[in-house]
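Written below as structure tokens is the structure these notes are about.
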């Protein structure tokens, strides 16, 4: 790879190498988008081969034998670098470390075991077949433990446990000690609060809406919502896919949602959620694009943006008042649709089995349960075979439902662990807290915020996020970002207060 | 690039290297498709950078210092290779030679000059500004001459002129001596035949169809046409773009067409044409995918397939009878639409200025004119400044119209020369002849062919092409392919006879 060796400063050499990596990532990003949104089934084999080749080339570039020496040389001339360049160097090293610390054999074994386990799981889950799933899952877990040990061993000064090293892949900066503290606050108060909300909602009238809701009208509504939330269609697009997601690169943010003719809320919630992710990406500083420090901070901050758009803006009572008439106009059967109805549809709370169907009140308990189990699994304090009992016990304690013998709706419901993605779950709830905390701060800062939302105006929200989160990319650690933006680190009280205010109409 | 050095046989090493190249091409292919079909404007900058990076990596892989030695080693053990492997080795060398024979400076200068000339041409053409265009065009021509000289010098045994070396990029196997012979036959008879056809059509009633023709209905019709022509929508898709094109990879053929609400034929003709290209690609032998010999033969054969679908099948009188009622049913204003009307719309002949708007009867003269001028330009027998006069003289002689002073509709109408793509044009007419010749052979071979077309059945046509052209990929030279398929090499008489039969109702 001779092209990168022509510039002189070691730091600049690294910048060029990482810029090449980013351009390969661009290719992978849009090929993945195409696979999920456009590609016919027949293309799968050729696409998988091409992506594997791109991954191999990216790995060769990143793990090239010259890189450690170039890092050492760059370290020896730190005084010549700006503070931002030093941050970039640090992020380069983190990325390089994550890619080089695992033995090639382990990476291959992990890919094969994860793919096998996930593939079999699709049928095993339907069949409630824990006994069939367990051997595959054990294999995945053993390899993930090995991975976590290697990652910890590579940077023992940063990681106090194997699980901490896994968390760093998703929630960089939010370690297990910190998460335990934040989740501890939630855990001590949320289960009772859930019961209180459920009791409070008992007298609610049930809203039944008659479909069908034609998909072209839903698509138009999603576009309308994106216009309201300030999406630039010269810089991105909306499509449909089985699972909503957001991806893209500089100048081209692509989001998807899913449509169901019997129900229109899911598409709009998906659109609002992915709009948050896409707005973050679109707001990253263009002068640092293609460099590691120019990327989004971590998944906790990312989910903070998406959940802010979905839970704080879209479900806000004032915004519901603004949006409901537009929904009513889109579907003849809903011509008297009110903001109150829209809000009630979005705020129904139920203690139930399935995480992805859970409301914002019960959702954190689904996450805390997974956090407790996966950290114990990775650190060797729990075995794979013990998961169903632990799951049932925690579901009964946290949400009052039992999953005994019901693996399908219990510990076999998620895909994350099947391919070894341990450490991802906490970001969902850290993000929900970050969203509530950021929104609370904006509300205190801007007395007109609710009036603005009542007219569909999100300008001040976007300006605040642009200034305090998006443009800061990865220049600060996640907790420093939250501190600078809101005066304190991620604090569960903001989510608890938000729930009390929205669901029990308590002022705080 | 260490991954490719693990297998032992030099031939196998080369196979692995070319397989990696093919996987990078897959990425480039679908990113180009995305740029033309899906990408918002904002994505252009990042996409251009990513494509440049992929191109650079592909070039590094192909021109790696170890390659010449590996070729030499592979040559020394030819006796261990099958005939097909030897053909593959030959195609690998051709591809390598084409990529390595030009100095890097020349490639860069060519890219810059071509990009500058093409960009300025977009406005200059509209303004009829030959004087403004000429300096840029001179620069492009000088660099193309240099390119052609380098290419010829690299393989003097294969190329008898610089222009021959350029032809090899597009029409590999059909050299200038051969093309001059084929085009000579056309040139001696076609201008008179054109006059005869125009005279014959003077009494034709003019068909005026009242639009608009809603685009969703046109899209459905294009899908219907693709179903009839045997497209597998699990192995590809149809979309819209500014210029129709066909691209893709194994298992995923993507074609586009363009829609105009005032006129429905253009979309259907585009669909039929691109179906020919896509069917060829889909019919290539999957066991040789990702290898050079597994690719389509050349542009003359490729246009042979697309023009066979467009000109021989779609415009066939029997097929028009089959298709017309489906078109009539799609548009309320056309409910009495007949096969005769569809056929007449598709067979209107006019001596006119613009190649891309030309009918199949006059089209070859547009190509012969360009062939004569571009071969003289590249071989140094004509200068850039002389092009307008040569153009006017030939247009008057071949098509009876003058382009004197009308550069816009004369020598400035095409994009090909603006970025240095000399040698491409002949394939269009070689393809038209190949299409007529293949169809004639099938008709003589299968007495039911016209009856089959009258019921929209193209199975026997596709089976014949699959067996005689598509599955043979690049295992034979183009003229050997035509000989094996039809008993002779590309012969202009087949196109002339087709024209006499279709336009003058003469039997042959």
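Protein chains in written order, with our numbering: chain A, 1 to 508; chain B, 509 to 1016.
All C-beta atoms in this analysis are idealised placements derived from N, C-alpha and C, irrespective of residue type, glycine included.
For residue 65 of chain A, no alpha helix (DSSP H) run applies, since DSSP gives it neither H nor E. The beta-carbon distance between residue 345 of chain A and residue 269 of chain A, rounded to whole angstroms, is 10 Å. This is too long to meet the 8 Å contact definition. At a beta-carbon threshold of 9 Å, none of the residues of chain A lie near residue 752 of chain B; the nearest stands roughly 18 Å away. When secondary structure is reduced to three states using DSSP, residue 240 of chain A falls in the strand class.
Between residue 394 of chain A and residue 369 of chain A, the beta carbon gap of about 4 Å places them in contact (Cβ cut-off 8 Å).
Runs of the beta strand (DSSP E) lying entirely within the segment 249-282 of chain A, each at least 3 residues long, are 252-257 in chain order. With a cut-off of 8 Å on Cβ pairs, the segment 495-505 of chain A is in contact with the segment 184-201 of chain A, counting three or more such pairs. Put simply, the segment 562-576 of chain B touches the segment 525-538 of chain B. At least three CB pairs are less than 8 Å apart. A Cβ-Cβ contact shorter than 8 Å links residue 677 of chain B with residue 606 of chain B. Sequence-distant partners of residue 492 of chain A (beyond 5 residues in either direction) whose C-beta falls short of 7 Å from its own C-beta, in its chain, are 182, 185, 186 and 433.
Shown here for residue 679 of chain B: same chain residues with a beta carbon closer than 8 Å to its own, the five before and five after excluded, namely 687, 806, 807, 808, 931, 934, 935, 938 and 986 in chain order. Residue 307 of chain A and residue 435 of chain A have their C-alpha atoms spaced approximately 6 Å apart. Along the segment 512-545 of chain B, going in chain order, the ones with a CB nearer than 7 Å to a CB of chain A are 528, 531, 532, 534, 535, 538, 539 and 542. The straight-line gap separating the alpha-carbon atoms of residue 410 of chain A and residue 392 of chain A is approximately 8 Å. Sequence-ordered contacts of the segment 47-68 of chain A with chain B read 49, 50, 53, 54, 56, 57 and 60 [C-beta pairs closer than 7 Å]. With its beta carbon at least 8 Å from every one in chain B, residue 230 of chain A lies outside the interface.
Counting only Cβ-Cβ distances below 7 Å, residue 400 of chain A has no contacts in chain B at all, with the closest Cβ about 47 Å away. When C-beta distances to chain B are compared with 7 Å, the residues of the segment 244-259 of chain A below that value are 249, 250, 251 and 252, in chain order. Nearest C-alpha to residue 609 of chain B among B/969, B/520 and B/659: B/659. For residue 233 of chain A, the neighbours in chain B by C-beta distance under 7 Å run, in chain order, 548.
Distance from residue 915 of chain B to residue 636 of chain B at the Cβ level is roughly 5 Å; contact confirmed, criterion being Cβ atoms closer than 8 Å. Sequence-distant Cβ neighbours of residue 228 of chain A in its own chain, meaning closer than 6 Å and more than five residues away, are 456.
Taken residue by residue, none of the segment 779-794 of chain B has a beta-carbon sitting less than 8 Å from a beta-carbon on chain A. Residue burial annotation: residue 119 of chain A is exposed, with fewer than 16 other C-beta atoms found within 10 angstroms of its C-beta. With fewer than 16 neighbouring CB atoms inside 10 Å of its own CB, residue 354 of chain A falls in the exposed class. Contact check for residue 786 of chain B against residue 820 of chain B fails: the beta carbons are separated by 8 Å or more.
For residue 920 of chain B, no alpha helix (DSSP H) segment is defined, and its DSSP state is neither H nor E. Taken through DSSP and simplified to helix, strand or coil, residue 486 of chain A comes out as helix.
Interface flag for residue 744 of chain B against chain A is set, since a Cβ pair is found closer than 8 Å. By the Cβ-count criterion, residue 598 of chain B is exposed, with fewer than 16 other Cβ atoms from all chains shown falling within 10 Å of its own Cβ. DSSP places residue 595 of chain B within a helical segment (H, G or I) once states are collapsed to three. Interface residue (Cβ-Cβ distance to chain B less than 8 Å): residue 295 of chain A is not classified as such. Taking 8 Å as the cut-off, the Cβ atoms of residue 23 of chain A and residue 557 of chain B count as close. Contact check for residue 661 of chain B against residue 31 of chain A fails: the beta carbons are separated by 8 Å or more.
Contact note: residue 553 of chain B reaches chain A through 250 and 251, using a C-beta cutoff of 8 Å and chain order. When the beta-carbon positions are compared, residue 800 of chain B and residue 603 of chain B come within less than 8 Å of each other.
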